[in-house]
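Data first, discussion second: the structure below is written as structure tokens.
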Amino acid sequence: MDVEKIPHHYIDSISFRVFGTEELVRQSVLNVTQSETFDVVGHPTKDGLHDALLGPSENDEICATCGLGFLHCPGHIGHISLPLVCFNPMFMGTLYQLIRGSCLGCKHLLAPPIARQVMLAQLQVLDYGCVSAVQELQELAALVDDTKDMGLAFQSRIDTYVNSVIQEVDPEEARRTSRVKNVVECRQRLVKAFVRSHLVGAPRKCVQCKAIRPNMTIQNNSRIVYTSGIATAEKKRRSESGEADEVSQTYLTPLEARKHLRAVWEQEKPLLERLFGVLSLSSHDCPLDMFFLDALVVPPTRFRPVRFANGMKFEHHQTASLSKVILCCNAVKAILRVMHQNSISEEEADEVGVHVDEAEKKRLELIVDKLMGIDLSSKLHFAWKALQVAVNAVFDSDMDEFNLNKAPGIKQVLEKKEGLFRKHMMGKRVNYAARSVISPDPYIGVEEIGVPMVFAKRLSYPEPVNDRNVADLRRAVINGPDVYPGALLVEKENGTIIRLDPNDRVKREAVAKQLLTPSEVHRKTFKCCKTVHRHLRTGDMLLLNRQPTLHKPSIMAHRARVLPGEKTLRLHYANCKCYNADFDGDEMNAHFPQGELARAEAEIIANVKKQYLVPKDGAPLSGLIQDHVIGGSLLTMRGRFFDRQDYNELVFGALPSVGSRVKLLPPAFQKPLMLWTGKQVLSTVLINCIPEGMPPPTVEGKSKIPAKAWGIIEKDEKLSEGQVIIRDGELLCGVLDKAHYGPTQFGLVHICYELYGGTTSSLMLTAFARLFTHYLQLHTGFTLGIEDILVTRKADRKRMKIMKQAKLAGDEVAKKALGIDNEVTNLKSRLQDAHLARDDREMKQLDAAMKSHTDQVNNDINKACIPDGLLKKFPSNNLQLMVQSGAKGGMVNCMQISCLLGQIELEGRRVPLMVSGRTLPSFLPYDTSPRAGGFVDGRFLTGIRPQEFFFHCMAGREGLVDTAVKTSRSGYLQRCLIKHLEGLMVCYDQTVRDSDGSVIQFQYGEDGLDVLKMQMLKASQFPVLVRNQEAALNRENLEKCREFTDTDALHSAKKAVSKWRKKQKKSNVTRANAFTVFCRELGQDIEREELYDRFFNLDDDERLQLEKNVVRRPDPVSSVVRSDLNLGAVSEKMDALIEDYVSRNPHSLLVDSSGGKTLTREDFRNLVYLRNMHALCDPGEPVGLLAAQSIGEPSTQMTLNTFHFAGRGEMNVTLGIPRMREILMIASAKIATP
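Counting in our numbering, the sequence shown runs from 25 upward without gaps.
Spelled out as structure tokens, the structure:
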């Protein structure tokens, strides 16, 4: 069957327009006139806002229009007829621009005729997608000298040009290109510029009728006021005689505005239609009538439900707003009727035959008397304004500036975080989710999540019944909802649900027996089997999330492990960094996918195993932390020996989940006792984690603990503990610490992830965590004592001496900073002048000088105390072991404990002075000692003084405030980024395109590589690939890829690039064409115009000769042959890296015949080509979203404040989030600071 012949339709375009009054009245089922919604008994009033014609209000009511019940009636709209026309609040701004930009006399736009003609022509050519013609039309207009000319000759020139452009264009192609992004943006830019220059910024004097435009303003978004000044001659006479000017304010009523705009439409229809595209779609007689309202829509009652509280009914806020509109309508009607009755005398009434009812007249007069205003005319104006304000409030309550207790309008219901879209459509509350506090569990797997029994019994999964699982599901149904593993309910083929009764086993057994028995109903439905909603079981996939969800690893899929007796979610330590979680009361959400497709996505895409690297920069996020790092460092140090029982205990404790036989290593010592080293224990675990049939890894690197920490000099570093060597899975040398199993790039776990995949890296982290926990608990233990922070007497004396010298140097530093040479000058008065000066320059210089002095003091004290001055040295000093191995803390913590706290800084400066010249009342005014400026020479070991403690608290408070302010700023920054970039994704032709199909990049990142897959394609990692070639190079895949490769095309493309490179080196010219070559030959002395003329007058032979001298750039290889189909179609940069490594062979790993840890040059090229092919970005990858998250997530750690360059006080630089906001959100052409 030919699919093309099947008749089909697709949506070509979609457009929106405004309801016309006739259209509204035609669709309306009721003209609402009663302001009271319910009567005394509580029934809806007839012709009221809850009339039965608009649809049923409650469950048991029937619709009076369609006769359907509450569930099935869609609701019907009504309308309120407005007695006087009102402005449409949604178009108030545009209406004001149009009236301001048009002449009230001749009804033309105030823009010069040439500007109008050019604008119309530009918009006409843009309808055909001709962006280049826009600029040419602008240049045509610039050539017209006489701007006062009405432009008839110019008009004919423009028409001729526009017709010539349109004739050259294919209409079908034009329809497509007119919607392309750059055409749309060009149109928006032109319209915006025209509105700004010629409507809002219209000239005061009309070009056509020479009338002066009055000043106009909008009052409370409800009426337009303009000042009608007096004639110029009268004004001149008054100024000569000294009389005061009279300026009267006049209201422009909606009726007058509509009349004026209808006249403008007659004159300027072609231009207005194109300026405001919605006008061409309008259903009104005159499209500009859409700026005015004759009737107001009343939504169906089901969208304005009544609220019940304490047995009382409360109206919906929208109903209250509409009720207010009806009250205002009734007031205006009353005034109009009284005015009409007053205008007819009794004789005229008798002639016409109109009878005036006195009672009715008195009722109307009573209503009118209560209204604001002196006479009927002013009362009408006030009532009309009140009606306009009430109509505004229905659409947008913010338009009423004076009302404080506003009910939300339609705009408020839709917009912002609490609006309909963001709260109830883009994000919503869900079922099948659980939330609880998280607690750590080092014994579960890295990809597992411990689920309490209470969650397992509440969360259910709909499993269809078939022959394979029926026995299992029958047991679950018989167990019921309260016995685990059970089921909550059974769903029949037609969707009816049987809830399982926990107290009736007989009924549950009956349901279980009928699971495979087909119902009579199922023949009419697509579903052909029953579904059992069973309890969550161990092995099910759960999506785990911790807020704030700042990047991709904030939601990952874990395998559930049901833990009876637990009350919290149990999380492995390795995942803490992904979620940015700690265990001080953090809560997390678990979502249970409800279908096979969702389960498969969780298992294949979102699984923890697949999220080892972060998309930001390809660095690992999962890794062992804190205790595990200590355990690993202690286990792999020299001098750790274990007998057979301990060795087996440690290995089997680490590997409970390995399905195959455990491989063991021979002991390091055979006699007098069989002993295994700590390194061998770790090697055993590592070898057993590698997949069956794959060779173990060979890794060389450095540990986090440097060689000098062990007291080893640089030339002896080769086989020291700082050098890690793993050969075929056996750790031969070095201490394994954070650098190899922590969240660190190119460590042991990362290389295993690259060689064997995420399953292996997760298994390794799980096994290592268990091993290190066992070792710490059973063999060594770990604690911190006071001995770890004490310094020797000698170091302490040295410290005291440096501090004593530092106290005396304050005056000298201050004099040097302020440029005081002679001894006579009073330093205190000089400091006072600097403090009270308008500019802060000298104080900044003083701060910078004092900070450089205190920094030197700080360094001297630290050198004296750490590490040589400590009482206990590394590795027996447990605090130093923690810091050096990367488990917790840094050298700053050690220094603050054992040496001194250092200079306290607030906003990048020293502690500021009060008006009195002191930092605190306990110091003398303008005290130059470092201590008075916030330099704390005390330490936590021996305690700090109250003044120092106060300074320390000031810095702490600044940090807290900064964090609080930063959170909201960075959150909004990330939202803006994501909303702009969420449409970008990689397509099947390797291009990156926006949601409308416009190309952003021809290849993602210019080489098409995914950041997560390309980490080993760096020159520094080539030796790792060669040493592990058996694991890295799959010969079978290589042969398959070679079959598809177009070798000839690839070879010729690469040859063209290398040929151009050689020419490029000789010519030393970056970019050239025929004209640049021509210019170089003629020299610099000729004028520009003469050069142009000579070049364009060249004959064909001369031009051909010039073309031959140009070094033409060839096309990139990946644009000639597709890199996803051809092995070896890599980017030029990657090719250069490969060839450079092959030619240099720095590690002597590339040989003529491969074997062992070496490889031939050709095999090495193929290995890298194959990995490059694997690393290509998958189609459908949302790269825009990943880019936005990669900027947004680190911005939460950025500092908010603007700091200063030390020593350069005037060089103020914007950093951190303010800088990000300046670049991305403000996008200003003039930046605040350099």
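Built from N, CA and C at the ideal position, the CB exists for glycine as well.
For residue i, the three-state DSSP class (helix, strand or coil)
i: VAL1192; result: helix
i: VAL675; result: helix
i: HIS559; result: strand
i: GLU716; result: coil
i: GLU611; result: strand
i: TYR1116; result: helix
i: LYS1132; result: helix
i: SER188; result: helix
i: LEU1183; result: strand
i: GLY910; result: coil
i: PRO1242; result: helix
i: PRO107; result: strand
i: ASN883; result: helix
i: MET661; result: coil
i: LEU795; result: helix
Endpoints, beta strand (DSSP E) assigned at residue i
i: ASN239; result: 239-243
i: ALA511; result: 511-515
i: GLN618; result: Here GLN618 belongs to no beta strand (DSSP E), and DSSP marks it neither H nor E.
i: LYS337; result: 336-338
i: VAL1144; result: VAL1144 -> not in any beta strand (DSSP E); alpha helix (DSSP H) instead, spanning 1141-1144.
i: LEU587; result: 579-587
One or two residues paired with residue i in a DSSP bridge
i: HIS100; result: Looking at the DSSP assignment, HIS100 forms no beta bridge with any residue, so it has no partner.
i: GLN273; result: THR251
i: GLY926; result: VAL960
i: TYR485; result: ARG558
i: VAL302; result: None, per the DSSP bridge assignment.
i: THR325; result: Its beta-bridge partners do not exist; DSSP assigns none.
i: ALA135; result: Per DSSP, none; premise fails for ALA135.
i: GLN1025; result: VAL1016
i: PRO68; result: PHE62
i: GLY93; result: ILE86
i: GLY967; result: ARG963
Cα-Cα separation, residue i to residue j
i: HIS557; j: CYS1201; result: 38 Å
i: ASP564; j: LYS634; result: 17 Å
i: GLU620; j: ARG326; result: 37 Å
i: GLY656; j: GLY962; result: 35 Å
i: ALA630; j: LEU743; result: 41 Å
i: HIS100; j: ARG286; result: 32 Å
i: ARG1245; j: PHE445; result: 26 Å
i: ASP863; j: GLN869; result: 12 Å
i: THR1238; j: CYS1000; result: 20 Å
i: MET906; j: LEU699; result: 28 Å
i: HIS153; j: ASP1117; result: A small fix is needed here, since residue 153 is Gly in this sequence, not His. Roughly 32 Å between the two C-alpha positions.
i: GLU1163; j: GLY683; result: 43 Å
Heavy atom of the ligand FAD within 7 Å of residue i beta-carbon
i: ASN672; result: Absence of the ligand FAD from the depicted structure is noted, as is the absence of any ligand whatsoever, leaving it without description.
Host alpha helix (DSSP H) of residue i (start-end)
i: ASP820; result: 817-832
i: LEU860; result: 851-860
i: GLY893; result: Run containing GLY893: none; DSSP gives neither H nor E here.
i: GLU382; result: 382-393
i: ARG594; result: No alpha helix (DSSP H) contains ARG594, which is instead part of the beta strand (DSSP E) from 593-595.
i: MET565; result: MET565 -> not in any alpha helix (DSSP H); beta strand (DSSP E) instead, spanning 565-569.
i: MET363; result: 341-367
i: HIS1004; result: 970-1005
i: HIS405; result: 400-419
Restricting to runs no shorter than 4 residues, where is the alpha helix (DSSP H) found entirely within the segment 425-477? 434-438
Can you list the alpha helix (DSSP H) stretches of 4 or more residues lying completely in the segment 713-782, in chain order? 762-765, 772-780
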